[in-house]
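Structure record follows, encoded as structure tokens.
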Amino acid sequence: MKITPEEVSRVARLARLELSEAKRELFVPQLQNILSYMDQLAELDTTGVTPMYGPVEHTTVLRADEVRKDFTRAEVLSNAPEEDGRFFIVPRIV
Amino acid sequence: MSELFRKTLSEIRDLLATGEVSALAVTEACLARIEATEPKIAALLSLQAEAALDQAKALDRQGPDPAQALWGVPLILKDVLTTKGVPTTCGSKILENFVPFYDATAVAKLKEAGAVLLGKANMDEFAMGSSTENSAYHATRNPWDLSRVPGGSSGGSGATVAAGQCFGSLGSDTGGSVRLPASFCGIVGLKPTYGRVSRYGLVAYGSSLDQIGPLARSVEDTARLLSAIAGHDPKDSTSVDAPVADYVGAVQNAKDLNGLTIGLPEEYWGEGLSPEVSEACRKAVDLARDLGAKTVPVSFSTTRYAVATYYIVAMAEASSNLARFDGVRYGHRTKEAGELLDLYQKSRTEGFGEEVQRRIIIGTYVLSAGYYDAYYRKAAQVRRLIRRDFDQAFEKCDLVAGPVCPITAFPLGGFTADPLQMYLMDIFTISLNLAGLPGLSLPVGLGRDTGLPVGLQLLGPAFSEDRLLAAARVLEAAQGERPWPSAV
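Residue numbers (this note's numbering), protein chains in the order written: chain A, 1 to 94; chain B, 1001 to 1488.
Structure, rendered in structure tokens:
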């Protein structure tokens, strides 16, 4: 798969990352190199193979839907860059 | 009682339990050793000396407790595990000021067992790397040769244990991050079966691959640490509710390898292996045969696709897991945000290092519309074929043996310019994580050319940790005493 500089920028935006011109220049050939290497998987015939997304399969862990208080509000807010004792504060959206 | 730091965890534990040494004396010995060696190896990201001394004094006042398996034993943990009230950076600037308000389950269990936590160990940022050079803070140096890397991503854990700064450590292993530093630093490292140890409080990299695992200076030490942290945890839905074996008993009762069949995957023993690694590992396999084991050839035909498969899965999961770092609830927030999208982008771009950004971008790419089937879904299919290779091998043998890494510890800066070359180093360790199975890295001597430690890997079926540890103990005992790192 050939990856273009525009595509790298588009994907970076999807990932909420800004790419400087210099970093894009560094990344494009590196990503190209890595993706070309990954392309070798196409050689393998995987027709009919069920994907394995994790080692623990066929289990759904359920628990009772009970109200619990594991942490206090003060704890949850304790690492916030900006808060008012009740909420996380972010720049105005609307 | 000089040089307490040279004892193994099991030895120091016994001395503590019988009251021959105090918890304070042991903690002070470790702190002195840290002072002497840390300027050389830089294994740590933070040191909680005062808290550790206070804890040791409190333990001494209370007296040895036979119910606490690690009473008074000083440990240092990889900085990827959340520790209540103690900074947890994951080797990243984005978490520079993060102080968790809860302990990871594995950390809580160590505390319940009476361990003294001295500090947090350096690592590749978010566990992404094989050399610990990707730490946003500083590189760590190998205690055997200060110009070389300790391996990664749990390189701080490997170096701190090898140098005698503490008696054991916990790391995390997503694609070899416990086994590789154990191998490069000449100590024992174990990656448990997926689900054996709770991941609650382990900052996620690749959720379907990550496992917490112990690093220590002997097989019995490793068994003791695993015993303390293994078990089901309702807080981790992937933790498995299976009985925990008696790991320490398995190690103590291990006498020979009679009746054991060891599989040797041809793909792990062929070209690409450095002569010194090949030689040391073959010698260990010969020793296993002398001790009663039978060896049979097995095939991991998917090996040549393992690196590609692994990095697609790991990067996809990383891009999703690391979406949580957005500058809103914790972690770095940019000072220059106008609106919300800006806040996300600038906080993440300022906070994440280069390798993390590279992996997030590739992970996002392989999950994005139009590429998902060709990369992510395809990799998940190959993953099942990799697992099948293991299942078929374990029909013919009890354990599989192979080298941990094709080479011994490499010089700092050796691979930083070419990320793909660094990824290829993981060829022998990553299949195990994709399959979700356990593996142990055992030191098997020093390489003839570099004089650096070589690690042999023993891989087993799900929940065979007791078997791995027992076999490793028999080999360890037959090897005789291990040399101490030459550069510290």
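A virtual CB, placed ideally from N, CA and C, is assigned to each residue, including glycine.
Owing to the predicted nature of the structure, the values given are computational and were not obtained by experimental measurement.
- Message: Here's a check: name, in chain order, each residue in its chain whose Cβ is nearer than 7 Å to the Cβ of alanine 1369 of chain B, leaving out the five neighbours to either side.
- Response: Within the same chain, alanine 1369 of chain B has no close Cβ partners at all.
- Pick out whichever of B:Lys1093, B:Ser1022, B:Ala1477, B:Arg1006 has its Cα sitting closest to the Cα of leucine 1291 of chain B. Checked all of B:Lys1093, B:Ser1022, B:Ala1477, B:Arg1006; the closest Cα to leucine 1291 of chain B is B:Ala1477.
- When you compare each of B:Met1315, B:Leu1456, B:Ile1041, B:Ala1023 to aspartate 1054 of chain B by their alpha carbons, which one comes out closest? For aspartate 1054 of chain B, the nearest C-alpha among the options comes from B:Ala1023.
- Query: Between which two residues does the alpha helix (DSSP H) containing leucine 1257 of chain B stretch?
  - Reply: Per DSSP, leucine 1257 of chain B belongs to no alpha helix (DSSP H) and is neither H nor E.
- Item | Residue-chain proximity (glutamate 6 of chain A, chain B), Cβ-Cβ < 8 Å | Chain B contact via Cβ: absent.
- Query: Does the beta-carbon distance from glycine 1186 of chain B to serine 1153 of chain B come in below 8 Å?
  - Reply: No. Outside cutoff.
- Item | C-alpha distance - valine 1073 of chain B paired with leucine 1343 of chain B, whole-angstrom precision | Distance between the alpha carbons of valine 1073 of chain B and leucine 1343 of chain B is about 44 Å.
- Relative to the C-alpha of aspartate 84 of chain A, which residue among B:Val1328, B:Arg1304, B:Asp1286 is closest? A check of alpha carbon separations from aspartate 84 of chain A across B:Val1328, B:Arg1304, B:Asp1286 identifies B:Val1328 as the nearest.
- Whose Cβ in chain A lies nearer than 7 Å to the Cβ of glycine 1231 of chain B? Chain A residues near glycine 1231 of chain B: none, gap ~15 Å exceeds 7 Å.
- Message: Using CA atoms only, rank isn't needed, just tell me which of B:Phe1184, B:Pro1297, B:Gly1436 is closest to valine 1149 of chain B.
- Response: Per the Cα distances, B:Phe1184.
- Which residues of chain A have a Cβ atom closer than 8 Å to the Cβ of glycine 1327 of chain B, listed in chain order? In chain order, Pro81 make up the part of chain A whose C-beta sits under 8 Å from the C-beta of glycine 1327 of chain B.
- Query: Any beta-carbon of chain A closer than 8 Å to the one on glycine 1439 of chain B?
  - Reply: Glycine 1439 of chain B has a beta carbon lying at 8 Å or more from every beta carbon in chain A.
- Alpha carbon to alpha carbon, how far is aspartate 1241 of chain B from valine 56 of chain A? Inter-residue distance for aspartate 1241 of chain B and valine 56 of chain A is about 12 Å (C-alpha atoms, whole angstroms).
- Query: What residues in the stretch 1333-1346 of chain B have a beta carbon less than 8 Å from any beta carbon of chain A?
  - Reply: Per Cβ criterion, the list reads Arg1333, Ala1337, Gly1338, Glu1339, Leu1340, Leu1341, Asp1342, Leu1343, Tyr1344, Gln1345, Lys1346.
- Message: Mapping the DSSP letters down to three states, classify valine 1356 of chain B as helix, strand or coil.
- Response: Residue state, collapsed to three classes: helix.
- Entirely within the stretch 1303-1340 of chain B and at least 4 residues each: give me those alpha helix (DSSP H) ranges in chain order. DSSP runs (the alpha helix (DSSP H)) wholly in the stretch 1303-1340 of chain B: 1303-1321.
- Does any C-beta atom of chain A lie closer than 8 Å to the C-beta of proline 1419 of chain B? At a cut-off of 8 Å between C-beta atoms, proline 1419 of chain B counts as an interface residue with respect to chain A.
- Around the C-beta of alanine 1280 of chain B, are 16 or more other C-beta atoms found within 10 angstroms, so that it is buried, or is it exposed? That one is buried.
- Message: Please identify, using Cβ separations under 8 Å, the residues of the stretch 1371-1400 of chain B that lie next to chain A, in order along the chain.
- Response: Of all residues in the stretch 1371-1400 of chain B, Tyr1371, Ala1374, Tyr1375, Arg1377, Lys1378, Ala1379, Ala1380, Gln1381, Val1382, Arg1383, Arg1384, Leu1385, Arg1387 have a Cβ within less than 8 Å of some Cβ in chain A.
- Query: Under 8 Å, do proline 1181 of chain B and alanine 1230 of chain B count as touching if we go by C-beta distance?
  - Reply: No; because the gap between Cβ atoms is not below 8 Å, this pair is not in contact.
- List the endpoints of the continuous alpha helix (DSSP H) containing glutamine 99 of chain A. Because chain A here runs from 1 to 94, residue 99 of chain A falls outside it and cannot be looked at.
- Message: What would DSSP say about phenylalanine 1184 of chain B, mapped onto helix, strand or coil?
- Response: For phenylalanine 1184 of chain B, the secondary structure class from DSSP, reduced to helix, strand or coil, is helix.
- Message: Considering just the uninterrupted stretch of the alpha helix (DSSP H) at alanine 1379 of chain B, what are its terminal residues?
- Response: Counting along the chain, the alpha helix (DSSP H) containing alanine 1379 of chain B begins and ends at 1378-1396.
- In three-state terms, what does DSSP make of asparagine 1433 of chain B? DSSP places asparagine 1433 of chain B within a helical segment (H, G or I) once states are collapsed to three.
- Query: Closer than 8 Å, CB to CB, is tyrosine 1205 of chain B near chain A or not?
  - Reply: Taking 8 Å as the CB threshold, tyrosine 1205 of chain B stays off the interface with chain A.
- Task: Would you check if the stretch 1010-1018 of chain B and the stretch 1125-1145 of chain B touch, i.e. whether three or more CB-CB distances between them fall below 8 Å?
- Result: With the cut-off at 8 Å, the stretch 1125-1145 of chain B and the stretch 1010-1018 of chain B do not touch.
- Determine the extent of the alpha helix (DSSP H) in which lysine 1040 of chain B is found, giving its start and end residues. Taken as a continuous stretch (DSSP letters only), the alpha helix (DSSP H) holding lysine 1040 of chain B covers 1023-1041.
- Message: Could you check whether the stretch 1351-1370 of chain B touches the stretch 1311-1331 of chain B, counting it as contact only if at least three pairs of C-beta atoms, one from each stretch, sit closer than 8 Å?
- Response: They touch, by the three-pair rule.
- Does leucine 1468 of chain B come within less than 8 Å of chain A when only Cβ atoms are used? When Cβ-Cβ separations below 8 Å define contact, leucine 1468 of chain B makes no contact with chain A.
- Message: Only counting the same chain, and skipping five residues up and downstream in sequence, which positions put a Cβ closer than 7 Å to that of methionine 1001 of chain B?
- Response: The predicted model places methionine 1001 of chain B with a pLDDT of 46, which falls under 50 and marks its position as unreliable, so this point remains unresolved.
- Pick from B:His1232, B:Asp1398, B:Thr1082, B:Thr1027 that is closest to leucine 1257 of chain B, judged by C-alpha positions: Comparing Cα-Cα distances from leucine 1257 of chain B to each of B:His1232, B:Asp1398, B:Thr1082, B:Thr1027, the minimum goes to B:Asp1398.
- Message: Less than 8 Å between CB atoms is the rule here; does glycine 54 of chain A satisfy it with respect to chain B?
- Response: It does: the Cβ of glycine 54 of chain A has a partner Cβ on chain B nearer than 8 Å.
- Item | Opening and closing residue of the alpha helix (DSSP H) in which lysine 1057 of chain B lies | For lysine 1057 of chain B, the enclosing alpha helix (DSSP H) stretches over residues 1049-1062.
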